[in-house]
């Protein structure tokens, strides 16, 4: 996997003109709630890494961290000029809530859900899909590295 910044052929203008991206996002909490962190990658449609996120978010539940990871990924992608976004997450609950298959009953999750919906509204095309945990090891590692820096 190439990192976009490492390739001298790409300029900042090229990176900012990437309109179709793939976000892999994961949240982690040690304790539920407990210290939490997020990890996310933003890649172009060829799999080149454009940006990554790895940071602590304070005390949160695992589901709150999962939402925060998606929100941070979407915010970064939109800042980079993305218009079409595919999100992959290993949180079946969050994916089903965002896809409208499950209601969002928890008040704290509803606020995060509404933030996701607002961000989606600024995109031309959006999809979110559940992936097995085994397919999210890269972003899981980013979230856990941030937690380990506590």
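In this note's numbering, the protein residues as written are 292 to 441.
For each residue, glycine too, the CB sits at the ideal point set by N, CA and C.
Computed from a predicted model, the values in this text were never measured in an experiment.
| Check | Outcome |
| --- | --- |
| Classify residue 393: buried if its beta carbon has 16 or more other beta carbons within 10 angstroms, exposed otherwise. | exposed |
| If contact is defined by three or more beta carbon pairs under 8 Å, each pair taking one atom from either stretch, is the region 315-330 in contact with the region 421-437? | yes |
| Among residues of its own chain, excluding the 5 on either side of residue 351, which ones have a beta-carbon nearer than 6 Å to its beta-carbon? | 320, 324 and 327 |
| Hey, could you find the ends of the beta strand (DSSP E) residue 379 is sitting in? | 375-380 |
| For the structure I just gave you, are there three or more beta carbon pairs, one from the region 341-348 and one from the region 382-393, closer than 8 Å? | no |
| Is the CB-CB distance between residue 332 and residue 375 below 8 Å? | no |
| Buried or exposed, going by whether 16 or more other CB atoms sit within 10 Å of the CB of residue 389? | buried |
| Measuring straight from C-alpha to C-alpha, what distance separates residue 404 and residue 354? | 11 Å |
| On the DSSP bridge assignment, give the partners of residue 346 in chain order. | 329 |
| Check residue 398 in the structure and name its three-state DSSP category. | helix |
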